[in-house]
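Using my numbering, you'd call the opening residue of the sequence shown number 555 and step up by one each time.
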Amino acid sequence: MSQHAAGDSRVYLTARVALAAVVSFLVAILLGPMAIRWLQARARERIDSASERLNELHASKSDTPTMGGLFIVAAIVAAVLLCGDLSSRYVQVGLFVTIGFALLGAADDWIKLATARRGLSVRQKLAVQMALALVAGWWLFLEQQTKPRGLELIWPLGDASLWLGSGFILWSMLVLIGSSNGVNLTDGLDGLASGCTIFAGTAFVALTYLSGHVVMADYLSIPYIAGSGEMSVLVGAMVGAMLGFLWFNCYPAQVFMGDTGSLPLGAILGLAALVTRQEVLLIVIGGVFVVETLSVIAQVGWFKLTGSRLIACSPLHNHFLFQGQHEHKIVVRFWIGSALLALSAVASLKIR
Numbered sequence: 555m556s557q558h559a560a561g562d563s564r565v566y567l568t569a570r571v572a573l574a575a576v577v578s579f580l581v582a583i584l585l586g587p588m589a590i591r592w593l594q595a596r597a598r599e600r601i602d603s604a605s606e607r608l609n610e611l612h613a614s615k616s617d618t619p620t621m622g623g624l625f626i627v628a629a630i631v632a633a634v635l636l637c638g639d640l641s642s643r644y645v646q647v648g649l650f651v652t653i654g655f656a657l658l659g660a661a662d663d664w665i666k667l668a669t670a671r672r673g674l675s676v677r678q679k680l681a682v683q684m685a686l687a688l689v690a691g692w693w694l695f696l697e698q699q700t701k702p703r704g705l706e707l708i709w710p711l712g713d714a715s716l717w718l719g720s721g722f723i724l725w726s727m728l729v730l731i732g733s734s735n736g737v738n739l740t741d742g743l744d745g746l747a748s749g750c751t752i753f754a755g756t757a758f759v760a761l762t763y764l765s766g767h768v769v770m771a772d773y774l775s776i777p778y779i780a781g782s783g784e785m786s787v788l789v790g791a792m793v794g795a796m797l798g799f800l801w802f803n804c805y806p807a808q809v810f811m812g813d814t815g816s817l818p819l820g821a822i823l824g825l826a827a828l829v830t831r832q833e834v835l836l837i838v839i840g841g842v843f844v845v846e847t848l849s850v851i852a853q854v855g856w857f858k859l860t861g862s863r864l865i866a867c868s869p870l871h872n873h874f875l876f877q878g879q880h881e882h883k884i885v886v887r888f889w890i891g892s893a894l895l896a897l898s899a900v901a902s903l904k905i906r
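Set out below in structure tokens:
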């Protein structure tokens, strides 16, 4: 199909993106009750953080079914298999990243549940993330090197760019691991990571769709990445699955996603940014995840330097919890922030 024809056939893609979102939502909604009953008997949350006060605040969440990421990922994969173009390298890498990071998360969750340990060690988890990200980065590099601007790191304002070459692989590893861990750190209150992922994912549905449309990409002065529109099917499926999951995860949560869900969700967002060459906008769109991650880094660094805490408890959402704010209020305010950041990022596309 010619580039022009690809741009003229978006009605078909639009229908598949919408269908993927609906299918994943329905799978999540229908699988949810059965999955929750199954997890209730096998995978119940153990409240065992390093903070005694946090354990007390979260005491009521003990024994809530966890590893709900299993039916999130099942919904995403089912929708992509039904609606996606499986010959697309972007779809292939997307499925690998989704399933690979989900398996890592599941192993981490299971160790927490089956032993007295708090999951995999930081080194073990990072080592597997690096291996998965290396494979995904190399796989993606093979496709991106065939695109005119596929290996450029692009600054959205002013259209400045930096040629990455084979360094794209290492850069991909950094983005995938950072994004994955960012969502993981945010997943600490009922519905928090779920809602923020929906807003961020919706922005990347738009970005992946527009990036793969030759006319719209030219109009918005963003990189045209032929075939990247197929990523909008995967990201659309993620948004649909998260809407279905949030049905059960909103306060008071009937199920938690666990690392089984949070690690692949973050990796999908990172992959979408890499495909569209919008890693800088990922920092804006995923601003809540970035702030949550920075709050942990700052807390640890400050404590090592001074022996005192910078905030009451990290990640940042726990700081507000320690201040006595109701969990639901914190979550909704973080959602508002996430929505505004996503809107701002998409609105900035035409600012040059």
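A virtual CB, placed ideally from N, CA and C, is assigned to each residue, including glycine. A quick note: this is a predicted structure, and the numbers were derived from the prediction, not measured.
- Between Phe579 and Gly798 a beta carbon distance of about 4 Å is seen, short of the 8 Å cut, so the two are scored as contacting.
- Taking the CA atoms as reference points, Ser786 sits about 22 Å from Val842.
- Rounded to the nearest whole angstrom, the C-alpha separation of Val793 and Thr751 is 7 Å.
- Taken through DSSP and simplified to helix, strand or coil, Glu599 comes out as coil.
- Annotated as distal: Ala791 and Ile839, with beta-carbon spacing of 8 Å or more.
- The alpha-carbon separation between Arg570 and Val789 amounts to approximately 12 Å.
- By the Cβ rule, the stretch 705-720 does not count as touching the stretch 852-862, because fewer than three pairs are nearer than 8 Å.
- In the three-state scheme derived from DSSP, where H, G and I count as helix and E and B as strand, Leu680 is classed as helix.
- Only exposed fits Lys883, as fewer than 16 other CB atoms lie within 10 angstroms of its CB.
- Nearest to Leu593 by alpha-carbon distance, out of Met796, Ala780, Gly812, is Gly812.
- Spatial neighbours of Ser642 in its own chain (CB-CB distance under 8 Å, excluding positions within 5 residues in sequence) are listed in chain order as Gly781, Glu784.
- In this structure, Ile837 is the residue among Gly878, Ala668, Arg863, Ile837 with its C-alpha nearest to the C-alpha of Ser892.
- Its Cα nearest to that of Val809, the residue Leu624 stands out among Leu696, Val886, Leu624.
- Note that the stretch 856-872 touches the stretch 742-762; at least 3 beta-carbon pairs, one per stretch, sit closer than 8 Å.
- If you look at Glu606, you'll find it in the alpha helix (DSSP H) that goes 606-611.
- Counting along the chain, Ile630 sits inside the alpha helix (DSSP H) bounded by residues 623-637.
- Going by C-alpha positions, Arg607 is about 10 Å away from Ala613.
- Proximity to Ala896 across Gly755, Gln683, Ala589 peaks at Gly755, based on C-alpha coordinates.
- Distance check between Phe802 and each of Arg600, Leu828, Gly622, Val577 places Gly622 closest, using alpha-carbon atoms only.
- Excluding five sequence positions before and after Cys637, the CB atoms of its chain that fall closer than 6 Å to its own CB belong to Arg570, Leu573, Ala574, Val787, given in chain order.
- Under the three-state reduction of DSSP output, Ile776 falls in the coil class, being neither helix nor strand.
- Ser715 carries a strand assignment under DSSP once its states are collapsed to helix, strand and coil.
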